[in-house]
Amino acid sequence: MGVDRALLLERCERTIERTDFPELGERVEGKVRDSYVREGRRVMVTTDRISCFDVIVGTIPLKGQVLNQLSAFWFERTRSIGPNHLLEVPDPNVSVVRQCRPLPVEFVFRAYLTGVTPTSIWYAYERGKRLYCGHKLPDGLQKHERLPELLLTPTTKAEKGAHDELISREEAIERGMVSEELFDRAAQLTRSLFEAGMRWADRQGMILVDTKYELGLDSEGELVVIDEIHTPDSSRYWYRDTYERALSEGRDPEALDKEYVRRWLASNGYTGDGEPPKLPDEIRCEAAARYIEAYERVTGLPFEPADDDPSTRIRRSLGLFSSKSV
Ligand SMILES: Nc1ncnc2c1ncn2[C@@H]1O[C@H](COP(=O)(O)OP(=O)(O)O)[C@@H](O)[C@H]1O
Ligand SMILES: [Mg+2]
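Under my numbering, think of the first position of the sequence shown as 11, with each following residue one higher.
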């Protein structure tokens, strides 16, 4: 299990930074995914871009494949809980999904008092706030401690370049973002997904700490889970076996998510303003190894790096002529 460091270093030169397949439909660029929309379908290419503090700070080799395959793994596993957008996975970096109308609210579930960014629950708690997204929090809780109950802490879905904003259930309904009925249905669905995710992670020796879900309405008006699910970009994972010890020694729990890159950036004086420092290959390889480890730990399957020059491979997988790249 795991991937050879020499291979990761080699792949640093061949990451997927940007794609352009006009044949596939209208191109929509997100921070991490390039999507192509046509006739009710959306071809989502997960690139190797990494965003921290809502800024793209570089690429991590094989990250796109990890995210795409991990998402697909979870979408298959959770179909019995509720419908999702996934139709097929024609390439390690590509998912074909049903085009939906995204809800303007993101459903975030939190099981632990943690986080570093200004919207995180620990950030608020540390500064004395005892009301968070409409939930009352008791005094005396420690950093990284399990919360007395699972909390739904929604955010608005920000436009590109802006930051998501915390919001309560009541505010989301009052502002007319979603109806009460739809909000509660979405909350129930995502709660079940999170509980299933926590149970599965526990079996694999992991803790699913928190996660963010996006939902949409399909052409029939059905509520479906969209975007990605339980990936290290949308979720925080800790190792279960070292958690108690870290907590009792006042250390941060060992994490399997993009916290590693965030911490490197922060220790180099970057927290989202201005030009980010260039990620050294050593940091990119370590981050890649962690993403791959997350895949293997969570799925219990060995990660197999897709070979070939990625853009030629993706063209071939999607049945596109590769005239441009020969
Ligand atoms: N099934 C879907 N229908 C419509 N939009 C979707 C669907 N799945 C994901 N999206 C949107 O596609 C984008 C995915 O690209 P990503 O790079 O993750 O974007 P972001 O910068 O918003 O995080 C997101 O804006 C997400 O809301
Ligand atoms: Mg996203």
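We put the CB at the ideal spot given by N, CA and C, even for glycine.
The C-alpha of E155 is placed about 43 Å away from the C-alpha of R37. Counting every other CB atom within 10 Å of its CB across the protein chains shown gives T56 a total of 16 or more, marking it as buried.
In its chain, beyond the 5 residues on either side, D64 have a beta carbon closer than 7 Å to the beta carbon of H173. As summarised for the segment 19-93, the continuous beta strand (DSSP E) elements at least 3 residues long and confined to that stretch are 36-39, 43-48, 51-56, 59-62 and 65-69, given in chain order.
Nearest to Q109 by C-alpha distance, out of D243, C143 and G35, is G35. Residue range V104 to R108 is occupied by the beta strand (DSSP E) that includes S105.
For the beta strand (DSSP E) assignment, the uninterrupted runs of no fewer than 3 residues enclosed by the segment 227-314 are, from N- to C-terminal side, 233-236 and 245-249. Here I217 carries a strand assignment [DSSP, helix/strand/coil]. Pairing I293 with Y249 gives a Cβ-Cβ distance that is not under 9 Å. For a cut-off of 8 Å, the C-beta gap from F85 to R201 is around 17 Å, too long to register as a contact. E303 is classed as buried because its beta carbon has at least 16 other beta carbons within 10 Å across all chains shown. Taken from the Cβ of D319, every heavy atom of ligand 1 lies 8 Å or farther away. Distances from the CA of K268 to each of R111, L77, S229 and L162 were compared; the closest alpha carbon is that of L77.
When R137, P114 and G215 are compared, the shortest CA-CA separation from L123 is found for R137. Annotation for G144 indicates a beta carbon at 8 Å or more from all heavy atoms of ligand 2. Between the beta-carbon of D228 and that of V234 there is about 5 Å, and that keeps the pair under the 8 Å contact cut.
Leaving aside the five residues that flank R300 on each side, the residues in its chain whose CB is nearer than 7 Å to its CB run, in chain order, L266 and Y270. Bounds of any beta strand (DSSP E) do not take in A316, whose DSSP letter is neither H nor E. Taking C-alpha positions only, P315 is separated from I183 by approximately 44 Å. Judged by beta-carbon spacing, L328 lies within the 9 Å limit of D101, meaning their Cβ atoms are closer than that value.
Cβ-Cβ distances below 8 Å link E259 to nothing in the same chain once the five nearest sequence neighbours on each side are left out. Taking 8 Å as the upper bound for CB-CB distance, V308 and Q214 are in contact here, some 6 Å apart. A distance criterion of 8 Å places the beta-carbon of K41 in contact range of ligand 2, judged by its closest non-hydrogen atom.
Going by C-alpha positions, K167 is about 31 Å away from P290. Around the CB of M11, fewer than 16 other CB atoms lie within 10 Å, so the residue is classed as exposed.
About 6 Å separates the Cβ atoms of F31 and L330, confirming a contact at the 8 Å cut-off.
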